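K.L.:
The structure follows.
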Amino acid sequence: MGIKMKKPEILAPAGNLEKLKMAIRYGADAVYIGGQDYGLRSRAGNFDFDQMREGIAFAHGHQAKVYVAANMVTHEGDSRGSGEFFRTLRDMGIDAVIVSDPALIAICMSEAPGLPVHLSTQSSATNYKTLEFWKKEGLERVVLAREVSMEEVREIRQKTDVEIEAFIHGAMCISYSGRCVLSNHMANRDANRGGCAQSCRWKYDLFDMDHVATKQSLIKDDDEPFSMSAVDLAMIRHIPDIVGAGINSLKIEGRMKSIHYVSTVVNVYRKAIDTYCSDPENYTFDPAWEEELWKTAQRELASGFYYHIPTEKNQIFAKPRKIPQYTFAAQVIDYDQSTKMATLQQRNNFGVGEEVEFYGPGFIHHKQVIEAIWNENGNPIDRAPNAMMIVKVKVDRPVEPYYLMRKKR
Amino acid sequence: MIELIATAESVNQAKSLLSIGIDTLYVGQDQFGLRLPKSLTMDEIEEIVQEAHKFKKRLIVAVNGLMHNHHIDDVPDYLSKLDQIGVDAITVGDPGVIMTLQELNLSLPFIYDAQTMVTSAEHISFWVKRGAIGAVAARELTLIELESIQNKISVPLEVQVYGPTCIHQSKRPLLSNYFRYSQKNEATDKDRGLFLAEPKDPETQYPIYEDQNGTHIYSTEDLSLMPYLDKCVQKGLRTWKLDGVLLQGDRFVRMAQLFVAAKQAIESGTYSSAAYETKLYELQPTNRPLGTGFYLKQPGDVQ
Ligand code: SF4
Numbered sequence: 001m002g003i004k005m006k007k008p009e010i011l012a013p014a015g016n017l018e019k020l021k022m023a024i025r026y027g028a029d030a031v032y033i034g035g036q037d038y039g040l041r042s043r044a045g046n047f048d049f050d051q052m053r054e055g056i057a058f059a060h061g062h063q064a065k066v067y068v069a070a071n072m073v074t075h076e077g078d079s080r081g082s083g084e085f086f087r088t089l090r091d092m093g094i095d096a097v098i099v100s101d102p103a104l105i106a107i108c109m110s111e112a113p114g115l116p117v118h119l120s121t122q123s124s125a126t127n128y129k130t131l132e133f134w135k136k137e138g139l140e141r142v143v144l145a146r147e148v149s150m151e152e153v154r155e156i157r158q159k160t161d162v163e164i165e166a167f168i169h170g171a172m173c174i175s176y177s178g179r180c181v182l183s184n185h186m187a188n189r190d191a192n193r194g195g196c197a198q199s200c201r202w203k204y205d206l207f208d209m210d211h212v213a214t215k216q217s218l219i220k221d222d223d224e225p226f227s228m229s230a231v232d233l234a235m236i237r238h239i240p241d242i243v244g245a246g247i248n249s250l251k252i253e254g255r256m257k258s259i260h261y262v263s264t265v266v267n268v269y270r271k272a273i274d275t276y277c278s279d280p281e282n283y284t285f286d287p288a289w290e291e292e293l294w295k296t297a298q299r300e301l302a303s304g305f306y307y308h309i310p311t312e313k314n315q316i317f318a319k320p321r322k323i324p325q326y327t328f329a330a331q332v333i334d335y336d337q338s339t340k341m342a343t344l345q346q347r348n349n350f351g352v353g354e355e356v357e358f359y360g361p362g363f364i365h366h367k368q369v370i371e372a373i374w375n376e377n378g379n380p381i382d383r384a385p386n387a388m389m390i391v392k393v394k395v396d397r398p399v400e401p402y403y404l405m406r407k408k409r
Numbered sequence: 001m002i003e004l005i006a007t008a009e010s011v012n013q014a015k016s017l018l019s020i021g022i023d024t025l026y027v028g029q030d031q032f033g034l035r036l037p038k039s040l041t042m043d044e045i046e047e048i049v050q051e052a053h054k055f056k057k058r059l060i061v062a063v064n065g066l067m068h069n070h071h072i073d074d075v076p077d078y079l080s081k082l083d084q085i086g087v088d089a090i091t092v093g094d095p096g097v098i099m100t101l102q103e104l105n106l107s108l109p110f111i112y113d114a115q116t117m118v119t120s121a122e123h124i125s126f127w128v129k130r131g132a133i134g135a136v137a138a139r140e141l142t143l144i145e146l147e148s149i150q151n152k153i154s155v156p157l158e159v160q161v162y163g164p165t166c167i168h169q170s171k172r173p174l175l176s177n178y179f180r181y182s183q184k185n186e187a188t189d190k191d192r193g194l195f196l197a198e199p200k201d202p203e204t205q206y207p208i209y210e211d212q213n214g215t216h217i218y219s220t221e222d223l224s225l226m227p228y229l230d231k232c233v234q235k236g237l238r239t240w241k242l243d244g245v246l247l248q249g250d251r252f253v254r255m256a257q258l259f260v261a262a263k264q265a266i267e268s269g270t271y272s273s274a275a276y277e278t279k280l281y282e283l284q285p286t287n288r289p290l291g292t293g294f295y296l297k298q299p300g301d302v303q
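Residue numbers (full-length UniProt numbering), protein chains in the order written: chain A, 1 to 409; chain B, 1 to 303.
Pasting the structure below:
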């Protein structure tokens, strides 16, 4: 048995209370959520104060932390009320706020002293001096820009002791964060206030012009149009590097993502980090982790900027390859050991004869063919067609509440 | 007093711009500054600062890049050198550079320029408290917002009155990647002169190129506040930038000359925009439409 490593925090997105709880049950050490104001995900489920209180109670009961993203880049008047907002968060026990706008940072520091502030990735922090600057200003943590390489992370770690948070999984802006206003110009939606229309993923014509403005397209008939769509980040193959670089918090992107996605991704990284940190010397990467990530992946996966500047292979131009996707079919709400019956809450249509997979915290998985389904009145049914309907199925291996059931698409 | 700031691509162009009455020149090197007409050598910058001072004018140098570790390693020497040759101010967007300035204890003042992020008076005040002597406003602001900001801050707010504006910076070589993907052999630099058109609006033409800082995309129109310059003055907006990043040589000088004339007319109370607008259209390259960007919108139009 070798030396154990200090474990970094796994930080998961939580678009609502249900996702918050699920992320923590599946092993997140911390979650980040959005409030009703000052955030960047106006369309992600956001928390009101009561929901936040419930989330905090749950998280703290499980030794997990809750951060609130307030990473809007404010215009005149947008910061109104933010002092009160930060004070309320502090007083209810939020563990930190994630902010990029210096106006909001200043307000938070003066109006809600004691509430830790993390610099959002929106500020594109890319060098050690910048981290030192924010440390001196009293920030507890800086989220690195996604453009920082592994080599650079190591150097930053050597030169400053402020906490470092870095993305390890999820979708990425193709621009430097905060430095893209395509959406403002093309769709009248402010990317830095949560309105981004993902214009980067559109298909563009690419052309040159002579001095009398005659356009000549470079894209021939059967060419794919120009686009700026990045594949997603996945650092599962590089856990030793990530931990070794001294990153304090490993961030998973996706406040808009489903419970299925968040539970799966957290489960995988929890397992990988625990495996590595308990015995780094004998650690080997388990391909099953990556296979698991593919089950909820929405795009191809790559290592972002950590090892090289992304090439054309890390962008999407043509129709993406069909990724074998799974659907979230049900959640286990009860299990009776004597009868081996699982009570399920339906999330997507499934029926007798289908092969499904149950999975639970601790990277537990088992396949199951559905042999019979009973409805709430105990009558056998062929399919479970209605959203949230409660049914029972017989399972070969024990399951527990909060295990999830998925099936192939 | 209105201050007209113009980019300069060379010592020669700098001299011309000074001789026609530009108040402040703006130059830099690609390693430290963003989206300059040309990356100049330290010798050229030194010559320009001397020329500017001969005319009792100022030189601002762009140090507004997003610095990675290897950039920031080189920043102390660069700043010391700029200070030593007498540069009047630098633009800065990366707090690491501000930290370095403080550590070196240089007298070189800085103007805060974090591009798209500079959108409120409170934000700017944060940097003014930390030494900024001015700020460059995001191009995505309306005149209503700009006025409100300028009224609340104690330093000049620089507003772009002419030229293209950057709407996207990626560290990825987006053009090279595409050309490799589609097996085309094409240059990707600024001189190649490539444009994007939106899928739903084939009339749009967003300039795009790569340099050592990544890929840059510009607005489909060149901004021009020519018809509203007097309004700007009334609103207290008196620090004007002319950006010649996509307009070379003498053409940019002539454009600048027109703005100098407009400025003088405003100062002497004889300005009427129509004649200047006509001239502007004559000088403007046919492949670059003119527009007012976000300036005339209502603050609630874009959210
Ligand atoms: S358009 Fe794309 S790169 Fe730009 S902010 Fe939106 S997601 Fe990010």
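Every residue gets a Cβ at the ideal spot worked out from N, C-alpha and C, and that includes glycine. This one's a predicted model, so the numbers in the text were calculated from it and none came from an experiment.
#1: Just checking Q198 (chain A) against the ligand SF4 - is the residue's beta carbon closer than 7 angstroms to any of the ligand's heavy atoms?
#2: Identify the continuous alpha helix (DSSP H) that holds P13 (chain A) and give its terminal residues.
#3: Determine which residues of the stretch 181–195 of chain B have a Cβ less than 8 angstroms from any Cβ of chain A, and write them out in chain order.
#4: Figure out for me which residue from B:K152, B:S16, B:D211 and B:D201 has the closest Cα to the Cα of A256 (chain B).
#5: So L218 (chain A) and D232 (chain A) are supposed to be a Cβ contact under 8 angstroms. How far apart are they, rounded?
#6: Kindly examine the ligand MG and report whether one of its heavy atoms sits closer than 7 angstroms to the Cβ of C173 (chain A).
#7: Relative to the C-alpha of Q29 (chain B), which candidate in B:L258, B:Q212 and B:R238 has its C-alpha closest?
#8: Please determine if the stretch 92–101 of chain A and the stretch 113–124 of chain A are in contact, where contact requires at least 3 C-beta pairs separated by less than 8 angstroms.
#9: Regarding C166 (chain B) and the ligand SF4, is the C-beta to nearest heavy atom distance less than 7 angstroms?
#10: When you compare each of B:Q234, B:K200, B:L194 and B:T215 to Q216 (chain A) by their alpha carbons, which one comes out closest?
#11: Determine the extent of the beta strand (DSSP E) in which residue 324 (chain B) is found, giving its start and end residues.
#12: On the criterion of 16 or more Cβ atoms from any shown chain inside 10 Å, does F85 (chain A) qualify as buried, or is it exposed?
#13: Only counting runs of 4 or more residues, tell me where the alpha helix (DSSP H) segments fall wholly within the stretch 21–81 of chain A, in order along the chain.
#14: For Q298 (chain B), is the classification buried or exposed, using 16 other Cβ atoms within 10 angstroms of its Cβ as the cut-off for buried?
#15: Secondary structure at S16 (chain B), three-state DSSP: helix, strand or coil?
#16: What are the complete beta strand (DSSP E) segments, minimum 3 residues, inside the stretch 13–69 of chain B?
#17: I'd like to know whether the C-beta of P95 (chain B) is nearer than 8 angstroms to at least one C-beta of chain A.
#18: Could you list which residues in chain B have their beta carbon closer than 9 angstroms to that of S303 (chain A), in chain order?
#19: Confirm the yes/no value for this check: CB of A191 (chain A), any heavy atom of the ligand SF4, distance under 7 angstroms.
#20: Could you check whether the Cβ of K175 (chain A) sits closer than 8 angstroms to any Cβ belonging to chain B?
#21: Going by DSSP in three states, Q205 (chain B) sits in which element: helix, strand or coil?
#22: Starting from H366 (chain A), trace the beta strand (DSSP E) in both directions and tell me its first and last residue.
#23: Given that a residue counts as buried once 16 or more other Cβ atoms are within 10 Å of its Cβ, and exposed if not, what is M42 (chain B)?
#24: Spatial neighbours of M1 (chain A) within its chain, please: CB distance less than 7 angstroms, with the 5 preceding and 5 following residues excluded, ordered by chain position.
#25: Please identify, using Cβ separations under 9 angstroms, the residues of the stretch 59–84 of chain B that lie next to chain A, in order along the chain.
#26: Is there at least one Cβ from chain A nearer than 8 angstroms to F32 (chain B)'s Cβ?
#27: Is it buried or exposed for A372 (chain A), if we count other Cβ within 10 angstroms and need 16 for buried?
#28: Give the single residue among A:T74, A:A125 and A:F350 whose Cα lies nearest to the Cα of A106 (chain A).
#29: Using the beta-carbon of each residue, which ones in chain A are nearer than 8 angstroms to P156 (chain B)?
#30: Less than 7 angstroms between C-beta atoms, sequence neighbours within five positions excluded: which residues of the same chain meet that for Q63 (chain A)?
#31: Round the Cβ separation of L250 (chain A) and A166 (chain A) to the nearest angstrom and send it over; I've been treating them as touching at under 8 angstroms.
#32: By how many angstroms is the C-alpha of E224 (chain A) removed from the C-alpha of A318 (chain A)?
#33: For H123 (chain B), count neighbouring Cβ atoms within 10 angstroms of its own Cβ and tell me buried if that reaches 16, exposed if not.
#34: Residues of chain A with CB under 7 angstroms from T100 (chain B), in chain order?
#35: Alpha carbon to alpha carbon, how far is V395 (chain A) from E357 (chain A)?
#36: Within 8 angstroms, do at least three Cβ pairs link the stretch 137–155 of chain A to the stretch 105–124 of chain B?
P.N.:
A quick look at the data gives this:
#1: yes
#2: Segment E9 to P13 is the beta strand (DSSP E) holding P13 (chain A); no alpha helix (DSSP H) there.
#3: Of all residues in the stretch 181–195 of chain B, Y181, S182, K184, E186, R192, G193, L194 and F195 have a Cβ within less than 8 angstroms of some Cβ in chain A.
#4: B:S16
#5: With a Cβ gap of about 28 angstroms, L218 (chain A) and D232 (chain A) do not count as contacting.
#6: For the ligand MG, the structure offers nothing, since it holds only the ligand SF4.
#7: B:Q212
#8: yes
#9: no
#10: Per the Cα distances, B:L194.
#11: Outside the displayed range of chain B (1 to 303) lies residue 324 (chain B), so it cannot be described from this structure.
#12: buried
#13: 49–61
#14: exposed
#15: helix
#16: 24–28 and 58–63
#17: yes
#18: Chain B residues near S303 (chain A): none, gap ~14 angstroms exceeds 9 angstroms.
#19: At least one heavy atom of the ligand SF4 is nearer than 7 angstroms to the Cβ of A191 (chain A), so yes.
#20: Looking at the sequence provided, one finds Ser at residue 175 (chain A) rather than Lys. With 8 angstroms as the cut-off, S175 (chain A) counts as an interface residue toward chain B.
#21: It is a strand residue.
#22: I364 to V369
#23: For M42 (chain B), the number of other beta carbons within 10 angstroms of its own is below 16, and it is reported as exposed.
#24: Since pLDDT at M1 (chain A) reaches only 45, below the 50 mark, its modelled position is unreliable, and the value read off the structure follows with that caveat. Correct list, in chain order: D279.
#25: L66, M67, H68, N69, H70, H71, I72, D73 and V75
#26: no
#27: exposed
#28: For A106 (chain A), the closest of A:T74, A:A125 and A:F350 by C-alpha to C-alpha distance is A:T74.
#29: None at all; the shortest Cβ gap to chain A is about 17 angstroms.
#30: none
#31: 7 angstroms
#32: If you draw a straight line from the Cα of A318 (chain A) to the Cα of E224 (chain A), it is about 6 angstroms long.
#33: buried
#34: K129
#35: 11 angstroms
#36: Too few Cβ pairs lie closer than 8 angstroms, so no.
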